[in-house]
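Numbering (this note's numbering), first residue to last: 192 to 268.
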């Protein structure tokens, strides 16, 4: 059974949000038109930003997975 204290760990929430937004922004970067690239001086900023967001989201989720938070002691409540 999964502990309830892990459900509200900020690393999970931040990592999931960055991963979801990273997928959306990367998709926009893949579908960028020539006019969009011209506005950004030839740099596909959506693609690079989306990949960065995916990397950051993966980092937070990996951190959450490898270093789980310790449950609070019974006397600390």
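All C-beta atoms in this analysis are idealised placements derived from N, C-alpha and C, irrespective of residue type, glycine included.
Problem set entry | First and last residue of the uninterrupted alpha helix (DSSP H) at residue 237 | As a position in the chain shown, residue 237 is number 46, starting the count at 1. Start and end: 236–257.
Problem set entry | Pairwise C-alpha distance: residue 259 and residue 237 | As a position in the chain shown, residue 237 is number 46, starting the count at 1. As a position in the chain shown, residue 259 is number 68, starting the count at 1. Approximately 32 Å between the Cα atoms of the pair.
For this session: Helix, strand or coil for residue 260, going by three-state DSSP, please let me know.
Result: Walking along the chain shown from the start, residue 260 turns up at place 69. Coil, per DSSP.
Exercise. What residue from 235, 257, 264, 204 has the CA that sits closest to residue 224's CA?
Worked result: The residue given as residue 224 occupies position 33 in the chain shown. It is 235.
Problem set entry | Run of the alpha helix (DSSP H) containing residue 233, from where it starts to where it stops | By 1-based counting over the chain shown, the position of residue 233 is 42. No alpha helix (DSSP H) contains residue 233, which DSSP labels as neither H nor E.
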